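Structure record follows, encoded as structure tokens.
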Amino acid sequence: TEKFERLLKPDIFASGIKDKFIPQKMGIPSKQLHSYDYSGPYAGFNGAVKFAEDITAMFTTPTWNFISPPWKGKPMLEGAMQKEAK
9 TEKFERLLKP
19 DIFASGIKDK
29 FIPQKMGIPS
39 KQLHSYDYSG
49 PYAGFNGAVK
59 FAEDITAMFT
69 TPTWNFISPP
79 WKGKPMLEGA
89 MQKEAK
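Add 8 to the 1-based position in the sequence shown for this note's numbering, that's all there is to it.
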């Protein structure tokens, strides 16, 4: 799971009970889908609304203010200007 996470760099990770904790420790929001994980049920229209609320809460929680995103430490892209050959 860790190699998979490092390779794909997901914004969110949906998994089962056992795989949930590795992404969480890596700072990736994780939703357990095999059980309701302290929330739910997600059946029908009301369930879809509840699921959307839960996902939104994962991204807007103040907890994310305590970690530094990788792009703040170093730039994602680096480049240089070169003169054109005549």
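Ideal placement from N, C-alpha and C gives every residue a C-beta, glycine not left out. As the structure is a prediction and not an experimental result, all values here were calculated from the model.
Neighbourhood of P49 by C-beta, 7 Å cutoff - its chain only, sequence neighbours within 5 removed: As a working mapping, residue 49 is identified with position 41 in the sequence shown. Answer for P49: G55, listed in chain order.
Pick from K82, T64, P83, A88 that is closest to S111, judged by C-alpha positions: Nothing about residue 111 can be read from this structure; the chain reaches only from 9 to 94.
Cβ-based neighbour list, A22, same chain, cut-off 7 Å, excluding 5 preceding and 5 following: One-based indexing of the sequence shown puts residue 22 at position 14. Shown here for A22: same chain residues with a beta carbon closer than 7 Å to its own, the five before and five after excluded, namely K39, L41 in chain order.
Sub-8 Å separation of M66 and I30 beta-carbons: The residue labelled residue 66 in the question sits at position 58 within the sequence shown. The residue labelled residue 30 in the question sits at position 22 within the sequence shown. Not in contact: M66 and I30 (Cβ atoms no closer than 8 Å).
Closest by C-alpha distance to F59, when choosing among S43, K11, P70, G87: Your numbering for residue 59 matches position 51 in the sequence shown. Out of S43, K11, P70, G87, S43 has the C-alpha closest to the C-alpha of F59.
Residue environment, K28, which counts as buried when at least 16 other CB atoms sit within 10 Å: Start at 1 with the first residue of the sequence shown, and residue 28 comes out as number 20. Its Cβ being crowded by 16 or more others within 10 Å, K28 is buried.
Closest by C-alpha distance to I25, when choosing among Y46, G81, E13: Counting from one through the sequence shown, the residue named residue 25 turns up at place 17. The shortest Cα separation from I25 among Y46, G81, E13 belongs to Y46.
Top-ranked residue by Cα proximity to K33, from F53, G52, T71: Numbered from 1 along the sequence shown, position 25 holds the residue referred to as residue 33. For K33, the nearest C-alpha among the options comes from T71.
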